[in-house]
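Visitor: In numbering that gives the first Met the number 0, the protein residues as written are 0 to 101. Here a beta-carbon is modelled for each residue, glycine too, at the ideal position from N, C-alpha and C. Owing to the predicted nature of the structure, the values given are computational and were not obtained by experimental measurement.
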Amino acid sequence: MPSLQVAGDLDYKDTLDQISEIIEKYKDSYQTIICGDMNASLHRDNRRRDQNLKEFMSNNNLSLANRYPKAPTFFHHNGKYTSQIDYIMFPETTTGILNSNI
0 MPSLQVAGDL DYKDTLDQIS EIIEKYKDSY QTIICGDMNA SLHRDNRRRD QNLKEFMSNN
60 NLSLANRYPK APTFFHHNGK YTSQIDYIMF PETTTGILNS NI
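#1: Once the 5 residues before and after N60 are set aside, which same chain residues still bring their CB inside 8 Å of it?
#2: Compare the beta carbon distance of I87 and I18 with 8 Å and say whether it is the shorter of the two.
#3: Here's the rule I'm using: 16 or more other beta-carbon atoms within 10 Å means buried, otherwise exposed. How should S28 be labelled?
#4: Restricting to Cα atoms, I'd like to know which of D36, H42, A64, R43 is closest to Y11.
#5: Quick one: give me the first and last residue of the beta strand (DSSP E) that I87 is part of.
#6: How is the alpha helix (DSSP H) around I131 delimited, first residue to last?
#7: For S2, does the count of other Cβ atoms within 10 angstroms reach 16, so buried, or fall short, so exposed?
#8: Rounded to the nearest angstrom, what separates S57 and Y80 at their Cα positions?
#9: Would you call L52 buried or exposed, if buried means 16 or more other Cβ atoms sit within 10 Å of its Cβ?
#10: Using DSSP bridges, identify the partner residues of D36.
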């Protein structure tokens, strides 16, 4: 996902829109799992990209596989800031995906 230093919120939203198109295109053929560094947090509300990520999940009916309590997955090099930005998401309608073998 675009980072704050590389791209603005419009590029971030555009990337989410592209992922939404992929989900829509393959929803009848495949179980789509989205995972990685989303460069946004579901535990904040004050940043536009955090809101965009929440809207993306809602619009695509996605659930989190990592429902563990808020735990940092990002540590700023200055040691002062942490956040949770890494997520595993899958369609809410998918059953048994957490118990699957890959």
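Guide: Here's the rundown:
#1: P90, E91, T92.
#2: Contact: no.
#3: When all chains shown are included, S28 counts as exposed.
#4: The residue from D36, H42, A64, R43 with its alpha-carbon nearest to that of Y11 is D36.
#5: For I87, the enclosing beta strand (DSSP E) has its first and last residue at 85 to 90.
#6: Residue numbering for the chain in the displayed model covers 0 to 101; residue 131 lies beyond these limits and cannot be assessed.
#7: Here S2 is exposed. Its C-beta has fewer than 16 other C-beta atoms within 10 Å.
#8: If you take the alpha carbons of S57 and Y80, they lie about 27 Å apart.
#9: By the Cβ-count criterion, L52 is buried, with 16 or more other Cβ atoms from all chains shown falling within 10 Å of its own Cβ.
#10: Looking at the DSSP assignment, D36 forms a beta bridge with D85.
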